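K.L.:
Just add 6 to the spot in the sequence shown (first one is 1) and you have the working numbering.
Note that CB positions come from ideal geometry on N, CA and C, so glycine has one too.
Quantities reported herein were computed from a predicted structural model and do not represent experimental measurements.
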Amino acid sequence: MYFESPGKHNTGQVAELALKRAEELGINHIVVASNTGYTANFFVGKGPKLVVVTHHVGFREPGFDEMSPEARESLKQQGAEVLTTTHLFANVERAVTKQFGGLYPGGLISHTLRMFGQGTKVAVEIATMALDAGLIPYGEPVIAVGGTSRGADTALVLIPAHANAIFDTQILEIVCKPRRPKNPN
Numbered sequence: 007m008y009f010e011s012p013g014k015h016n017t018g019q020v021a022e023l024a025l026k027r028a029e030e031l032g033i034n035h036i037v038v039a040s041n042t043g044y045t046a047n048f049f050v051g052k053g054p055k056l057v058v059v060t061h062h063v064g065f066r067e068p069g070f071d072e073m074s075p076e077a078r079e080s081l082k083q084q085g086a087e088v089l090t091t092t093h094l095f096a097n098v099e100r101a102v103t104k105q106f107g108g109l110y111p112g113g114l115i116s117h118t119l120r121m122f123g124q125g126t127k128v129a130v131e132i133a134t135m136a137l138d139a140g141l142i143p144y145g146e147p148v149i150a151v152g153g154t155s156r157g158a159d160t161a162l163v164l165i166p167a168h169a170n171a172i173f174d175t176q177i178l179e180i181v182c183k184p185r186r187p188k189n190p191n
């Protein structure tokens, strides 16, 4: 399915499509990007094991965690795993780029995936992060859900690889994504 535009307004439909496809394929794990719990709440308690990947603490401002302790605890009590850690494509390379300029391998991979949309980049990134954290099984298809800014607009069926073998990631299906990766200016 293709959405006419990216963004949060697609979140409910993304959740329906992702959960339906997980059931059809017998997929046991869904990985969702959710910084506040908004997107995660569309998935929690509705089927497969849920892994919620947040922004790292300090993403918006130093020392600040975008997910409230109450939202985090609520998700955990409903069976979700919540992962808050350094982002795969925004690690120390981003600091080097900010300080000295240039573009490095993680940034190149990130920009290449964004050709399909921000949600595609996020979905690949969070699935790898969840795999590296041991929260999803190696070598099995999962559904990964990402978005553009807030909410969700993309769902992929993929077999993620560990970060040290990122090019072994297999994107098996695009369940849904925006037709245009960016809103036209």
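How many angstroms separate the CA atom of Asn16 from the CA atom of Leu119?
P.N.:
Taking the straight line joining both Cα atoms gives about 20 Å.
K.L.:
Alpha helix (DSSP H) containing Thr103: first to last residue?
P.N.:
Val98 to Phe106 is the extent of the alpha helix (DSSP H) around Thr103.
K.L.:
Just checking my contact of Asp50 with Val88 at CB under 8 Å: how many whole Å lie between their CB atoms?
P.N.:
Before going on, a small fix: residue 50 reads as Val here, not Asp. Not quite, the Cβ-Cβ distance comes to about 10 Å (not below 8 Å), so this is no contact.
K.L.:
Taking Cβ to Cβ, would you say Lys14 is nearer than 7 Å to Gly140?
P.N.:
No.
K.L.:
In the DSSP assignment, what residue or residues form a beta bridge with Val57?
P.N.:
Val57 is bridged to Val37 and Glu87.
K.L.:
Short of 6 Å in beta carbon distance, which residues of its chain neighbour Gly112, apart from the five on each side in sequence? Order them along the chain.
P.N.:
Within the same chain, Gly112 has close Cβ partners Phe95 and Glu99.
K.L.:
Measure the C-alpha to C-alpha separation of Ser116 and Lys127 and round it to an integer number of angstroms.
P.N.:
About 6 Å.
K.L.:
Mind checking which residues open and close the beta strand (DSSP E) that includes Gly4?
P.N.:
The requested residue 4 is not part of the displayed model; the chain covers only 7 to 191.
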